[in-house]
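Everything below concerns the one structure shown next.
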Amino acid sequence: MEDPRFTVVFATYNGERTLPLMLESLKQLRCPAGGWELIAVDNRSTDRTREILSRYLTQLPLRILEESRPGKNAALNAARESISGSYIVYTDDDIVADPEWLIAYERFLDANPTVAVAAGQVRHHWLGKPPAWLETLAEEGLAWAGTPISWKADVIPMTAVKGPNYVVRRPLIETHEYNTAIGPDGTKSYVKGSETSFLLGLSVTGINAHFVPSARVAHIVRPEQIGLGPLVRRYYHIGRGRVRTGLQVYPEGVATLFGRPRFVFSSALGEALHAGRYLVSGDRAGAARHLLSMAEMLGAATEWSRLQSN
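Quick note: the sequence shown uses the UniProt record's numbering, first residue 1, plus one each step.
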């Protein structure tokens, strides 16, 4: 039997709450020419993840792998030797796929044979009602791995590619690995930037990413993630990831306060004051934007301080 043209890969750790939604959506996918396969890497789950995956072995072209080393990136690296497809689509265990997802990628890649990396649209599948300000941020691409709804088909920065939805041609995974020191690892304090660190390694070779808006998935947002607090914490860890991936660099010999770049404190205060002004004016989305910016810069400063002390 010929190898499938597409391989969809995801890592999962204790994904029992979202896997049924995800896998049911994958059952509705239109099959691309040459077929597709699904590889799920169970990363030390302790819940019903393996049981749920096993139920779909006869319903999807699914293979289940196991990786004992903690971390999403370790799990994705472990899948490399098992991939058969010419195109590798990376996603997460908390998405709902559009039925045309792989077909849209197929059309684009066939029409653009020199493109090595493409990224699709990410909307949201809310498991609770989001407040209006959060819906606004989601449409702007500022919440829960979403892409801006205004984006058209075009070249985009590698840093704009979202983890739940991108595809690379197979030769790239033969020369590049995921950084196992970054990305989800089963803890609440992990450093974000899983796909960013991988894709930045490709960008230094001159490879660009292309946005394909018709290749859609929706990121599942759980009830406990709907609110300002969870989003602020997420941006704090995004800031930490910016330092670890080299996207945030501070000047040599920068003045410090409490071990952090001193100017960050005044910048963070400025963001907080702006947030207050927007809140007073009734613009909750505007207030949230500034609070998220503040959280990101504080996360970056804290991670920089931690690395300096090591």
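Yeah, the Cβ is synthetic: ideal placement off N, Cα and C, and Gly gets one too.
Span of the beta strand (DSSP E) holding residue i?
i, result
"Tyr13", "No beta strand (DSSP E) holds Tyr13; DSSP gives it neither H nor E."
"Arg63", "Leu62 to Glu66"
"Trp36", "Trp36 to Asp42"
"Phe211", "Ala209 to Val221"
"Tyr235", "Taken as a continuous stretch (DSSP letters only), Tyr235 belongs to no beta strand (DSSP E), being part of the alpha helix (DSSP H) at Leu228 to Arg244."
"Ile149", "Run containing Ile149: none; DSSP gives neither H nor E here."
"Ile88", "Tyr87 to Tyr90"
"Ile83", "That residue, Ile83, is in no beta strand (DSSP E); it is neither H nor E in DSSP."
"Ile95", "Ile95 to Ala97"
Could you tell me how far apart the beta carbons of residue i and residue j are, in whole angstroms, since I believe they sit closer than 8 Å?
i, j, result
"Phe10", "Asp92", "6 Å"
"Val217", "Ile95", "4 Å"
"Tyr235", "Ala295", "4 Å"
"Leu257", "Phe265", "6 Å"
"Glu271", "Ser305", "Incorrect: roughly 19 Å between the Cβ atoms, too far for contact."
"Ala104", "Tyr166", "So it is not a contact: roughly 13 Å between Cβ atoms."
Can you list, in chain order, the residues of its chain whose CB lies under 6 Å from that of residue i, leaving out five sequence neighbours each side?
i, result
"residue 311", "This structure cannot settle anything about residue 311, because the visible part of the chain is limited to 1 through 310."
"Ala275", "Ala287, His290 and Leu291"
"Gly141", "Thr147 and Pro148"
"Leu23", "Tyr56"
"Pro261", "Tyr250, Val254 and Ala301"
"Gly34", "Arg5"
"Lys192", "His237, Ile238 and Gly241"
Using only the alpha-carbon positions, how far apart do residue i and residue j sit?
i, j, result
"Thr159", "Tyr178", "15 Å"
"Ala153", "Val212", "5 Å"
"Leu134", "Glu2", "46 Å"
"Gly299", "Gln248", "11 Å"
"Leu38", "Ala181", "25 Å"
"Thr49", "Ala75", "15 Å"
"Ala255", "Arg277", "29 Å"
"Ser68", "Leu202", "27 Å"
"Asn77", "Asp283", "43 Å"
"Glu106", "Gln121", "15 Å"
"Ile207", "Gly85", "20 Å"
"Ala111", "Tyr87", "14 Å"
"Val41", "Ala79", "7 Å"
"Gly15", "Leu53", "10 Å"
"Phe108", "Ile156", "15 Å"
"Arg17", "Val204", "38 Å"
Where do the N-terminal and C-terminal ends of the alpha helix (DSSP H) with residue i fall, by residue?
i, result
"Pro171", "Arg170 to Ile173"
"Val280", "Arg262 to Val280"
"Ser103", "Reading off the sequence shown, one finds Ile at residue 103, where the question assumed Ser. Ile103 -> alpha helix (DSSP H) spans Trp101 to Ala111."
"Ser25", "Leu19 to Lys27"
"Ser309", "Arg284 to Ser309"
"Thr49", "Thr49 to Arg55"
"Thr136", "Ala132 to Glu139"
Whose C-beta lies closer than 7 Å to the C-beta of residue i among residues of the same chain, with five residues either side of it excluded?
i, result
"Gln59", "Lys27"
"His176", "Phe198, Gly201 and Leu202"
"Ala285", "Trp133, Thr136 and Leu137"
What are the residues that DSSP puts in a beta bridge with residue i?
i, result
"Trp126", "Val221"
"Glu120", "The amino acid at residue 120 is misidentified as Glu; the sequence shows Gly. In DSSP, Gly120 forms a bridge with Val212."
"Tyr166", "Tyr90 and Ala119"
"Leu257", "Arg260"
Apart from the five residues just before and just after residue i, which ones in its own chain have a Cβ nearer than 8 Å to its Cβ?
i, result
"Ser82", "Ile39, Arg63 and Leu65"
"Gly246", "Leu200"
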